Structure formats: C-alpha cells, structure tokens
Amino acid sequence: MAELYPPIEPYDHGMLDAGDGNLIYWEVCGNPDGKSALVVHGGPGSGCSPGHRRYFDPDRYRVVLFDQRGCGRSTPHASDPATDMSLNTTEHLLTDMERLREHLGIDRWLLFGGSWGSTLILAYAERHPNRVSEIVIPSVTTTRRSEIDWLYRGVGQFFPEQWDRFRAGVPEPDGELVAAYARLMEHPDPNVRAKATTDWATWEDAVISMEPNGAPNVYSDRPPTDLLAFIRICSHYFAHGAWLDEGVLLREAGRLAGIPGILLHGRLDLGSPLGTAWELARAWPDAQLIVVDDSGHTGSDAMRGEMRGALDRFAR
315 MAELYPPIEP
325 YDHGMLDAGD
335 GNLIYWEVCG
345 NPDGKSALVV
355 HGGPGSGCSP
365 GHRRYFDPDR
375 YRVVLFDQRG
385 CGRSTPHASD
395 PATDMSLNTT
405 EHLLTDMERL
415 REHLGIDRWL
425 LFGGSWGSTL
435 ILAYAERHPN
445 RVSEIVIPSV
455 TTTRRSEIDW
465 LYRGVGQFFP
475 EQWDRFRAGV
485 PEPDGELVAA
495 YARLMEHPDP
505 NVRAKATTDW
515 ATWEDAVISM
525 EPNGAPNVYS
535 DRPPTDLLAF
545 IRICSHYFAH
555 GAWLDEGVLL
565 REAGRLAGIP
575 GILLHGRLDL
585 GSPLGTAWEL
595 ARAWPDAQLI
605 VVDDSGHTGS
615 DAMRGEMRGA
625 LDRFAR
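Put into structure tokens, the structure is as follows:
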C-alpha cells in the first residue's frame with residue numbers, strides 16, 4: 315500500500331451561507347500556518363472524504379475540504395425531492411468556491427481533485443488564475459458532451475449486456491439517455507427514483523469492473539441517501555453538459571500559463587480515457603502528465619503514491 319499520512323481531524327469547520335437557502339459544509343485541517351490547499355471532490359455529488367486529508371503533509375499544508383451543493387453535509391440535500399436543482403449548477407459551485415476562499419482569508423491556494431473535480435478545478439482556475447498557486451489532478455476530465463456520450467453510450471461496446479440493461483431503464487431508450495435519467499430522478503414516485511438510482515449506479519459499477527487495482531462497486535456501495543443525491547446531481551449536471559461550452563476548458567487552457575500543474579491519469583481508465591489528459595497537457599504550457607500504467611478511474615497503489623508525491627513536491 316502507498317504510505318499516506320496518518321489520519322487527522324479538522325481543527326475548524328463550519329457552514330458557509332451561500333445564499334438561496336444553501337449552506338456549504340467546510341473544514342480545515344493540518345497546519346494553520348501552512349500552505350493553503352483546496353480539495354475539490356468528484357461526482358458531481360460525491361462529497362469530501364476523510365481519506366482526502368491523508369495525501370497532504372499535515373505539518374506543511376493548511377488543507378480545506380468542502381461538500382459541494384446538495385451532497386455530503388451541505389444542505390439542502392439532493393436526496394430530498396423538494397431540493398431545487400436549478401440552484402445547483404457549475405456557476406453556483408464556482409461562486410461557492412470563491413466565497414469560501416474569501417471567508418477563510420486565503421489569497422492563493424493549491425487545487426487538488428480528480429474526475430468531476432478536475433472539471434471544476436479547471437473552470438475555477440481559468441476564471442481566477444491569480445488565486446491558484448498549483449494544481450494536482452488525478453483522473454482528468456473536462457465534462458465535454460463527447461466525454462459524457464462516451465461514458466454513458468460509447469464505452470457500452472465493452473459491456474453490451476450491462477449497457478442494454480442501463481438503456482432499458484428509461485421509458486424512451488432511443489432518446490437522450492442521460493437526460494431521460496435526469497427526468498426520472500425528478501419523478502414524484504420514490505420507487506421510480508430508487509429504481510433509476512440503482513440502474514445508474516449498476517452501470518457505473520460495470521464501467522470500472524475490469525480495473526485490476528480498483529475497488530469494486532464503488533458507486534453502489536454508498537449509503538442510500540448519499541447514492542440518491544449522487545445520481546440526482548450527476549444526471550442533472552451531465553444532462554446539461556455542465557453548462558459549459560463544448561471544449562471550452564481545453565480552448566482556454568492558455569489562461570493557466572504560469573500555474574504549475576501535475577496531471578495523473580490511469581492508462582486503464584475506460585470511463586475517462588487518457589486522450590483528454592493528453593489534450594490538456596498539450597494545451598497547458600506548465601503541466602506535466604504522468605501516466606500510471608496499472609490504474610483505472612478508481613486508482614491503484616501506484617496512483618495513490620503519485621498523488622502524495624505530487625503534493626509533497628509542491629509543499630517544498
């Protein structure tokens with residue numbers, strides 16, 4: 315196993331009033347006088363995890379973690395059908411991040427996160443490059459519609475039986491699949507929402523099932539309310555292409571010039587193939603791409619070692 319830092323507890327935490335009735339959970343751990351870093355979790359809708367703290371040297375980093383709108387300990391929770399999802403968009407999350415930075419009195423911070431987190435990191439850094447010191451991204455995604463189409467249709471060529479079941483989970487299987495699932499997650503019948511949640515999570519588990527060093531059933535093993543929120547948020551974001559112009563994060567990557575970055579990507583990542591990380595590394599003049607041969611989307615011991623190593627490097 316990769317040797318991570320020992321578990322630590324936050325020395326401060328709170329609920330940030332983000333407006334519109336939303337309260338964003340945040341916590342800070344490590345050294346109050348250390349280098350500021352923000353963990354941006356994936357999903358969207360996964361919530362932050364205590365395990366994220368262990369990649370940072372607690373003597374050298376002041377680590378900030380937060381739960382994005384609708385998930386984790388933030389309220390209102392997306393598992394509640396009364397929660398208004400129109401108040402949960404990429405633009406809202408970017409505003410929340412900046413409000414949190416100001417609330418904590420941080421001038422610049424390192425950004426760390428993968429999968430959906432990398433999309434949010436890139437969008438934030440391209441908008442606020444003067445607020446970002448460095449970036450570390452494991453599992454690069456930019457949430458282009460082409461990437462969404464691959465994850466929920468194209469990769470089905472490797473799992474035709476499982477994809478047929480996923481497609482059969484919506485009443486209009488020949489339509490836009492992700493949007494159809496997003497509509498099911500807004501259905502007034504809790505049984506309909508529960509079945510759509512199970513069908514989506516089962517598909518996500520199938521996509522990672524061939525990873526040799528990843529954990530199985532990463533998606534469906536979540537607690538029921540967390541899983542419901544996760545699928546509702548994911549389908550909501552992906553049905554709208556994350557409200558990003560297609561390819562904009564790659565086209566605007568020149569705005570990251572001067573920000574050192576380390577991109578870590580598993581060669582065996584079927585859900586988010588290596589090509590996106592390769593494109594970003596070519597477009598971002600100060601980024602280094604490290605390909606981890608034994609890792610998929612859910613990581614490996616080698617990937618975890620590279621993540622800690624990258625953060626140790628920037629701590630110096």
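Per the numbering used here, the sequence shown starts with residue 315, numbered consecutively.
Here a beta-carbon is modelled for each residue, glycine too, at the ideal position from N, C-alpha and C.
All values derive from a computational prediction rather than experimental measurement.
- request: Return yes when the Cβ of A543 is within less than 7 Å of the Cβ of G384, no when it is not.
  value: The sequence position of residue 384 within the sequence shown is 70, counting from 1. The sequence position of residue 543 within the sequence shown is 229, counting from 1. Against a cut-off of 7 Å, the Cβ pair of A543 and G384 comes out as a contact.
- request: Answer yes or no: does any C-beta atom of chain B fall closer than 7 Å to that of V521?
  value: Within the model displayed, chain B is absent; a lone protein chain is all it includes.
- prompt: When the distance is taken between beta carbons, is V605 closer than 7 Å to R581?
  reply: Counting from one through the sequence shown, the residue named residue 581 turns up at place 267. Counting from one through the sequence shown, the residue named residue 605 turns up at place 291. Yes, these two residues count as a Cβ contact at 7 Å.
task: Give the C-beta separation of V469 and V521 to the nearest angstrom, bearing in mind that I take them to be a contact with Cβ-Cβ under 8 Å.
output: Position 155 of the sequence shown, counting from 1, holds the residue named residue 469. Position 207 of the sequence shown, counting from 1, holds the residue named residue 521. That belief holds up - the Cβ atoms of V469 and V521 are roughly 6 Å apart, short of 8 Å.
message: Our contact map puts L584 next to Q602 with C-beta atoms below 8 Å; I'd like the distance itself, whole angstroms only.
response: Position 270 of the sequence shown, counted from the first residue, corresponds to residue 584. Position 288 of the sequence shown, counted from the first residue, corresponds to residue 602. With a Cβ gap of about 24 Å, L584 and Q602 do not count as contacting.
message: In this structure, how does DSSP classify W340 when only helix, strand and coil are distinguished?
response: On the sequence shown, residue 340 is found 26 positions in, with the first residue counted as 1. Three-state result, W340: strand.
- request: Can you tell me which of E500, T403, I451 puts its alpha carbon nearest to the alpha carbon of L424?
  value: Position 110 of the sequence shown holds residue 424. Measuring from the Cα of L424, the nearest candidate turns out to be I451.
message: Let's test the definition: count the other Cβ atoms within 10 Å of the Cβ of Y339 and tell me whether it reaches 16, buried, or not, exposed.
response: In the sequence shown, residue 339 corresponds to position 25, counting from 1. Y339 comes out buried.
Three-state class that DSSP yields for D326 in the structure shown: Walking along the sequence shown from the start, residue 326 turns up at place 12. Looking at D326 - three-state DSSP - the assignment turns out to be strand.
query: Where R443 and A571 are concerned, what is the direct C-alpha to C-alpha distance, given to the nearest angstrom?
result: On the sequence shown, residue 443 is found 129 positions in, with the first residue counted as 1. On the sequence shown, residue 571 is found 257 positions in, with the first residue counted as 1. Inspection of the sequence shows that residue 443 is occupied by Pro rather than by Arg. Computed Cα separation, rounded: 9 Å.
- request: Give me the Cα-Cα distance between T433 and W464, rounded to the nearest whole angstrom.
  value: Position 119 of the sequence shown, counted from the first residue, corresponds to residue 433. Position 150 of the sequence shown, counted from the first residue, corresponds to residue 464. Approximately 16 Å, taken between the alpha carbons.
query: What three-state label does DSSP hand V354 in the structure shown?
result: If you number the sequence shown from 1, residue 354 lands on position 40. Here V354 sits in coil by DSSP.
message: Considering only their Cβ atoms, is the gap separating A597 from A567 smaller than 7 Å?
response: Indexing the sequence shown from 1 puts residue 567 at position 253. Indexing the sequence shown from 1 puts residue 597 at position 283. Their beta carbons are under 7 Å apart, which means A567 touches A597 by this criterion.
message: As an exercise, report each continuous beta strand (DSSP E) stretch of at least 3 residues that is fully enclosed by the region 491 to 579, in chain order.
response: none
message: Quick check: what's the CA-CA separation for S447 versus R413?
response: Counting from 1 along the sequence shown, the entry for residue 447 is found at position 133. Counting from 1 along the sequence shown, the entry for residue 413 is found at position 99. Whole-angstrom Cα-Cα distance: 18 Å.
task: Determine which residues share a DSSP beta bridge with A601 and list them.
output: The count along the sequence shown starts at 1 and reaches residue 601 at position 287. Paired residues: G575.
Proximity below 7 Å, CB of S460 to CB of M499: Walking along the sequence shown from the start, residue 460 turns up at place 146. Walking along the sequence shown from the start, residue 499 turns up at place 185. Going by C-beta atoms, S460 is not nearer than 7 Å to M499.
- prompt: If you compare alpha carbons, which of A496, Y375, E620 is closest to A556?
  reply: Locating residue 556 in the sequence shown gives position 242, where the first residue counts as 1. When only C-alpha atoms are compared, the closest one is A496.
message: Between which residues of its own chain and V466 is the CB-CB distance below 7 Å, once the five residues before and five after are set aside?
response: Position 152 of the sequence shown, counting from 1, holds the residue named residue 466. Per the sequence shown, the amino acid found at residue 466 is Tyr instead of Val. Here the set comprises L491, V492.
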